Structure formats: C-alpha cells, structure tokens
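So for the sequence shown, the working numbering puts the first residue at 17; every next one is plus one. Report on one structure; see the data block that follows.
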Amino acid sequence: MSDNFQVVVTGASGFVARNVRKFLFENNIKTISISRNNFKKFKNETKIVSKNYDEKNILPKIRKSHALIHLVGIGKQTVNNDYSLINLEFTKKIINLCKKANIKKIVYTSGLGVSKNTTLGYFISKYRAEQQIINSKLDFTIFRPSYIVGKDDLFTKFLKLQTKNGIIQIPGSGKYSIQPIFINDVCKILFKAIQEKKFTKKILDLVGDESITFEKYVREFSRGTGTKIKKINLETAYYEAILNSKNGFGVDDLNLLIGSFKGNHKKLKNLSKMKFQSIIELLQSGSLL
C-alpha cells in the first residue's frame, strides 16, 4: 500500500467511527477524522471538529485522500436535529466535499430495511441519502447494517444499564428478530470496501449470519447475571417512547425491532471472503458485559 494512502472518516466521535479509526491507526493508515463534536485523536490522524462541516476548513486538509467513509447519522430525531438535516443534507455536503477534493471513493452506512417503498421517516432519509450517492458519479459502496454490537455501542450500553439495575424490559412479545454483526468485522469489511475493486458500486446488507429473536438475544446477553426479564405491553412502550426523549427505546427503535428485517449475509460473506464472529458465541462468552 502506498505511503500516500489516506482515508477520511466522518462522524468521528460515533461508536462505529471510533472503532474504524482505531482499526486504521493499528494498520498504520493516515486518517483525517471529522466530527461535529470534540473527540480524542490517535497519533496518526488529523483531527477536525466542525459543527457544520465547514468547507473552507475541511477542503484543504482532505485533498488527495483515497477514500471517505461516511458515518454521520442519527437514529433518533430532536427539534434541532431531524433525519432530513443530518442523514440527507449532511450527505449532500459530504458528496460535494468529495468532488471538490477529488476523492473518488465513498463508503456509506445506511440501514437494514431501507428501500424505495418504506414509510418510515428514518429509512426515507437514508434512502434519499443513498440516491444522492448513487447519482453522484463517485465510486461507492453502500452498506445497510443491522445492529452493530461491541463493548460500547448504544444498544449494548442500554442493556448493560438495565442488567446493572437487575431487570431488562422487552417491548411486546420479543419474538421479532435482529441480525447483529460484531464491530470488529464491520471495521475489516469497511476497509476492504475502500481497497478492493469488487466492492465498486455495490449495495450490501451488513449483517451477521445469525437471525436471533430479541428475547433470545437479551437472555443470552444477561446469562449468569441473575437479571430478571420483564415483557411490557407494546402500546406502553410506544407511549413512553413518544413522551420521553431519554427513554431507552425511541419510536423508530421500536419500529426497527418490530420490523424483523432480514439481510443477505451470504452475499456479504462470498464477496468479502471473511470469517465472521458468531454473535451467539460472543454473547455466551460474556465479553459484551
């Protein structure tokens, strides 16, 4: 790999980006990391903090970069930060920066279940962002992730907090399924996407090979801790999500859970030629606690 190989990472303070940046650091890849919030930098990276991704500040620093990994996004809306503003408008801004900086490759994380037929606001913003990238004339790889899990993702933190309190609540039946993927595998495959031509202009589900009911996931996660599992009425869960922005489950979190979206892991595995971490084994090892 060339000594001039350089990667830009947006959304640098987020869970996925933190781990991607650590992976790039450990592989001695020059990195320019950008975030709206302050963050701790690694030795080999250039740090940029910019609330609005100001072009004058960013553009001179990212020229000659090989690729950009676009990880800016939100999963819960507020009055000040809605899906369209963050997931769509920031993507337009990033595409424009890529073109002006002559960055040929963009890798984007969208969402499992995104399609042109969706009625969910989160998915609509992600779909529109995908379309902006597809029509940009840049080389692209779009990943549609399920739950990306690790020691410090928001989902795991939420479950750990409930475990500490001695009871985990399951909205509704808990029979809906998720298809989580381990963060270390995500870092490897995002890096492959910027290196290997076979990922050119591909849209791929970023999922593990195990589809697990939410109830099973919770029980395996809390195994041996003595934590009680309590199912709560789905209507109650939605009511609390609507009224309390600090509630563990937001409205769209519940929509995504109930959706039981399935991804094509086989296509991802065949293209990447990777061996993926079993989420069941990861849970049973207790390493997420």
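Don't be surprised by glycine CBs; every beta carbon is placed ideally from N, CA and C. Since the model is a prediction, treat every value here as computed from it, not as a measurement.
Per DSSP, the unbroken alpha helix (DSSP H) holding Leu-259 starts and ends at 250-259.
By the neighbour-count criterion, in which a residue is buried when 16 or more other Cβ atoms sit within 10 angstroms of its Cβ, Leu-128 is buried.
In this structure Glu-236 does not touch Gln-195 by the C-beta definition: roughly 15 Å separates them, more than the 8 Å allowed. Per the Cβ contact rule, the stretch 35-49 is in contact with the stretch 200-211 (3 or more Cβ pairs under 8 Å).
Along the stretch 101-138, the beta strand (DSSP E) occurs as fully enclosed runs of 3 or more residues at 121-125, listed in sequence order. In this structure, Asn-280 lies away from Tyr-138, with their beta-carbon atoms at least 9 Å apart.
Secondary structure at Ile-199: helix, using DSSP grouped into helix, strand and coil.
At a Cβ-Cβ threshold of 9 Å, Thr-241 and Leu-305 count as neighbours. Nearest to Leu-40 by alpha-carbon distance, out of Thr-216, Arg-239 and Ile-210, is Ile-210. Rounded to the nearest whole angstrom, the CA to CA distance from Gln-148 to Asn-53 is 25 Å. Ile-122 sits close to Phe-156, with the two beta carbons spaced by under 9 Å.
Just so you know, the alpha carbons of Lys-244 and Lys-180 end up roughly 11 Å apart.
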